[in-house]
Amino acid sequence: MTRYSLEDEPSNLDEMPLMMSEEGFENEESDYQTLPRARVNQRHRGLGWFLCGGWKVLCGSCCDCLAHICRRKKELKARTVWLGCPEKCEEKYPKNAIKNQKYNIFTFVPGVLYQQFKFFLNLYFLVVACSQFVPSLKIGYLYTYWAPLGFVMAVTMVREAVDEVRRYQRDKEMNSQLYSKLTVRGKIQVKSSDIQVGDLIIVEKNQRIPADMIFLRTSEKAGSCFIRTDQLDGETDWKLKVAVGCTQRLPAVGDLFSISAYVYAQKPQLDIHSFEGNFTREDADPQINESLSIENTLWASTVVASGTVIGVVIYTGKETRSVLNTSFAKNKVGLLDLELNRLTKALFLAQVVLSIVMVAVQGFVGPWFRNLFRFVVLFSYIIPISLRVNLDMGKSAYGWMIMKDENIPGTVVRTSTIPEELGRLVYLLTDKTGTLTQNEMVFKRLHLGTVSYGTDTMDEIQSHIIQSYGQGTSQTSASGTSGSTPSRKTQTSGPKVRKSVSSRIHEAVKAIALCHNVTPVYESHAGVNGETESAEADQDFSDDNRTYQASSPDEVELVRWTQSVGLTLVNRDLTSLQLRTPSGQILSFFILQIFPFTSESKRMGIIVREESTGDITFYMKGADVAMASIVQYNDWLEEECGNMAREGLRTLVVAKKSLSEEQYQDFESRYNQAKLSIHDRGLKVAAVVESLEREMELLCLTGVEDQLQADVRPTLELLRNAGIKIWMLTGDKLETATCIAKSSHLVSRNQDIHIFKPVSNRGEAHLELNAFRRKHDCALVISGDSLEVCLRYYEHEFVELACQCPAVVCCRCSPTQKAQIVTLLQQHTANRTCAIGDGGNDVSMIQAADCGIGIEGKEGKQASLAADFSITQFKHIGRLLMVHGRNSYKRSAALGQFVMHRGMIISTMQAVFSSVFYFASVPLYQGFLMVGYATMYTMFPVFSLVLDQDVKPEMALLYPELYKDLTKGRSLSFKTFLIWVLISVYQGGILMYGALVLFESEFVHVVAISFTALILTELLMVALTIRTWHWLMVVAEFFSLGCYLASLAFLNEYFGIGRVSLGAFLDLSFITTWPFLWKVSAITLVSCLPLYIIKYLKRKFSPPSYSKLSS
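In my numbering, the protein residues as written are 17 to 1127.
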């Protein structure tokens, strides 16, 4: 029976046309739209599929299969961990060692060689060099082929080895950090790499947490501590963590061993913001169960910021959250490198064709196959090995120039292989918060429905607060109750009575002061080290000693604002918080429950009980979208939110609900039950909380402004003029994103904005796309969920339309969506993309883009560490692209083509030489000369091209339109390449024929003459290519010439012909004669003068755009 049902299953699935997913059910879509999707998978598997890349997939899956069998990757499972008893673990867990190395002792050499030889260029040289071991193919000396190749490999190996050793040392340092481990016999020191699941580890203040742990105890009285998570999620603010109540209450640390307890933890997973587990103490009479959540965890790679903590290790090594979340960035290869790789393939083809022609002209006589191979080796100089060396050195030089530029201080080049990409960008995808804006908040507006307060009227609020609390204190002196009596009175008189403005302000400010996750932190003074414990009770709550810590800058700004109007948050721990009134009286509140903010719920809540009156109140604040359905009916909220958003303010709606003791007790029991469930815990907890979120009383609406970064407007203007299309991808809401787009001039003043209506199914998307198609030259604003729908059904059409827009704003984007948009643009437009961001949530987008730029921002350094280039301010991007990007690309293009020209010239001469000498496959120049030609004699002048610039940096910034030309890739294309080929053929032919024609009598001297003319031609060609002279270029030219003349004098035995130099060593007397000098000069002149004339005429009659500016 079971077998039968299994066989039947696939066919059943095929007959079901509808997608079995929530979207399918919600949207009630008709069958015809979803049918093709079900069939797509089967349709592709034909012969065409196999040839077009199917073989790669098949090979890949075979390799994966083999690797899987060899390694048998262990399945991750949930686990039960006994406190302090690693030996009780049923499974074997990974070692807690950090390993960032790419290779080990055995894989280093093969690994590096594979990385190098997967490039066509290097593989080609390897084959040519190996062919020299075959005696019949041997041409010249072995070192002429192996020395350059060996040099390139050695440089690469050394570079990789240095990186690898550094990684190894970093890992070793981390792995050998010592920690205190608690055992039955007391504390012992263990290395970080020897920590096991189940160990009890003590971590001191400012020490890194070595593995993922559950927080059991702390030295802080409150039973909580702060940790810094910037290495994990890129956020700079501190996070509050809570110790498990059962173990925190134990009288002494040693008692951890006298109890029998275990932790049940879910299987290791990626999400750093969630955790589900239970803590169970067995030996207590009723067994104690406590639910564990994210606030009881201490993840590895975070740092303890306060107190000493003790935790039990639950995940080690590869299973820790921080290791699971490190994605290995792909190796980025620049477009220029790909283009040059294509050109080298074309050159290889030309070389083979040339060799076949040579053999064919001979008439395929004798061992023609061997001759063919010899010719291929002879012409191997067409593809110069120095190309890779020169370009790599050039890239390092550009990186050094970028880092040394005083106008963009603090810029770091982290990926040195792609500086040319900065000159080819068409799309710039930017984050909003912290990139275009400063992520520094300023409280601007408080709206109570009938009355609104701005920055200039905050003093009225202050006087209302002073007045209402003054009233309170006068009553309390008589009755002995706390300061919120007036508001209590107005409430009991029945809800129908409209409250006075004063009491409504009082309520609103109190709600803002209570509903948050901010903790005041006091710096303890250095002198009081001995008696910190005793001093804690009367710690000084002075305003200048207090700093606020919270998970977002909005929160801190709201609490700072309540302080400025007179209600100050002075103390907070897990169970209570204290506010100070303007008259200096302290109000205490017990925190009964707290519901943290999540991106799904878009709101946070807190239930507090006032100590003096015992009143229980549920406060809540959140985004208007989430809160609109929760608060009581009102007619102003939506409109006012819109108004504030248009001014560029971030809005929060604040509401409250009073609870009776019975209501709260009922809620608490249901809530605790939901928190202990193992399956669907999140859903059950949310359902219980939602039962409270009904008919809440709307108190106020707050508006906070996020200020723009310095010089954002001129920078965006500059980029737009350079032909770069800017897309803003943000997690913020639509209104805020739109208004920042306007205020930063991302969308220019006179441009229309088309706001894409929310769509949920195919039909709506179709209509909306058609509506958008009719608009011309307008910016597009679209939300993440609508984008998802459009991409599901109309991917191609949508991208095509969006790419025509001058600017696009995507709001409510998740980090993965940001990366998805980048890859979409790369696939559909084949243009280069650049992503710029500052937070941990931008890392995936930065790594996906062709060129990732990180800003060291408020949100930490994570983005700048993952990026290829890291800058300190957004405005620096203008200079980075317009000046450095443009120069790097133009210089590399010139350098690459010149190096190729250098190889082609000598191959042309070899071809002419061979054809004159009855197609003999004999080398024209001896090994040493060939090596010298590629290095000593011409390397410095050719490499000095990396200092060349066509216009001054100021000009490039003044006329960003110059950058537009580069995106078309005209500096290095098949056209420019063919021009260089023609030049090489012309010059090579002239040099060789000239040498043969002019030297019929002293034929032995051909080598000396042609080689001298060749070197001079190369030096003159460098001079011809340069657009702006630099003193180093002049030095390089003369230095190379000097080297050559010296070698003529001292190494004259190499200037013979063939392997036997015919006994005629070059005599110095010949070099110094007039005939030699005038003949060399004549040949050089004929080879170079026409090019100079052509260049002059071209500059005169069709000058390039940059020359118009520089003249």
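Built from N, CA and C at the ideal position, the CB exists for glycine as well. Being a predicted model, the structure only gives us computed values, none of them experimental.
Chain-order list of residues whose beta-carbon lies under 6 angstroms from that of A527 (same chain, five-residue window excluded): Y635, V670, K672, L715
Meets three-Cβ-pair contact criterion under 8 angstroms: the segment 148-159 and the segment 938-951: The segment 148-159 makes contact with the segment 938-951: 3 or more CB pairs, one atom from each, lie closer than 8 angstroms.
Exposure label - W254; buried when at least 16 CB within 10 Å: buried
Any idea if F1027 is buried or exposed, counting beta-carbon neighbours within 10 angstroms, 16 or more meaning buried? buried
Span of the alpha helix (DSSP H) around S1056: For S1056, the uninterrupted alpha helix (DSSP H) segment begins and ends at 1047-1066.
Counting only beta-carbon atoms, is W1094 nearer than 9 angstroms to chain C? Given the protein chain composition of this structure (a single chain), no chain C is represented.
Tell me the rounded alpha-carbon separation between T492 and G486. Bear in mind that a pLDDT of 40 at T492, under 50, signals an unreliable position, so the model cannot answer this.
For N737, the three-state DSSP class (helix, strand or coil): Three-state DSSP puts N737 in a helix.
Does the Cβ of I434 have 16 or more other Cβ atoms within 10 Å, making it buried, or fewer, making it exposed? buried
If we ignore side chains and look at the alpha-carbon of each, how far apart do S617 and R848 end up? 37 angstroms
With the cut-off set at 9 angstroms, would you say I211 and N112 are in Cβ contact? yes
By a C-beta neighbour count over all protein chains shown, 10 Å radius and 16 as the cutoff for buried, is I121 buried or exposed? exposed
For C146, count neighbouring Cβ atoms within 10 angstroms of its own Cβ and tell me buried if that reaches 16, exposed if not. exposed
Backbone secondary structure at P1119 - three-state DSSP: coil
Look at the Cβ atom of V572, then the Cβ atom of M474, and state whether they are nearer than 9 angstroms. no
Per-residue DSSP class, three states only, for C827: strand
How should Q185 be labelled, buried or exposed, when 16 other C-beta atoms within 10 angstroms of its C-beta is the threshold for buried? exposed
Could you spell out the range, first to last residue, of the alpha helix (DSSP H) harbouring T1129? Because residue 1129 is not part of the residues shown, which for the chain are 17 to 1127, the question remains open.
Take T899 as the anchor and find which of V967, D447, A644 has the nearest alpha-carbon. It should be noted that the sequence gives Val, not Thr, for residue 899. Selected option, being the one with the closest Cα: V967.
In the DSSP assignment, the beta strand (DSSP E) including P536 goes from what residue to what residue? 535-538
Pick from I742, D793, S802, L745: whose alpha carbon is nearest that of S776? Of the candidates I742, D793, S802, L745, S802 places its Cα closest to the Cα of S776.
Return the chain-ordered ranges of every beta strand (DSSP E) run that is complete within the segment 395-465 and spans a minimum of 3 residues. 441-446, 453-463
Measure the alpha-carbon distance for S1103 versus L1030 and round it to whole angstroms. 9 angstroms
Less than 8 angstroms separating the Cβ of D559 from some heavy atom of the ligand HEM? This structure does not include the ligand HEM; it has no bound ligands of any sort.
Just confirm the distance between the C-beta atoms of A823 and L881, as a whole number of angstroms; I'd bet it's less than 8 angstroms. Cβ atoms of A823 and L881 stay farther apart than 8 angstroms, at about 29 angstroms.
Can you tell me whether R265 is buried or exposed? The criterion is at least 16 other CB atoms within 10 Å of its CB, across all chains shown. exposed
Give the DSSP bridge partners of K673, in chain order. F634
Check the C-beta distance from L1035 over to S1056 and give it rounded, since I have them as a contact under 8 angstroms. 6 angstroms between Cβ atoms; contact.
Identify whether Y485 lies in helix, strand or coil by the three-state DSSP scheme. helix
Alpha carbons only, please: which of E176, C101, L441, K515 is nearest the one belonging to D866? L441
Grab the span of the alpha helix (DSSP H) containing E813 for me, first residue to last. According to the DSSP assignment, E813 belongs to the alpha helix (DSSP H) that extends over 800-820.
Locate the alpha helix (DSSP H) running through I1042, then write down its first and last residues. Here I1042 belongs to no alpha helix (DSSP H), and DSSP marks it neither H nor E.
For P1119, which residues in the same chain have their Cβ closer than 7 angstroms to its Cβ, ignoring the five residues on either side in sequence? No residues qualify anywhere along the chain.
Can you tell me the Cβ-Cβ gap for H770 and F788, rounded? I've got them flagged as a contact below 8 angstroms. 6 angstroms
Would you call I1110 buried or exposed, if buried means 16 or more other Cβ atoms sit within 10 Å of its Cβ? exposed
Are there 16 or more other CB atoms within 10 angstroms of the CB of S37, so buried, or fewer, so exposed? The predicted position of S37 is uncertain, since its pLDDT is 33 and thus under 50; a value taken from the coordinates is nonetheless stated next. The residue in question, S37, is exposed, as its Cβ has fewer than 16 Cβ neighbours within 10 Å.
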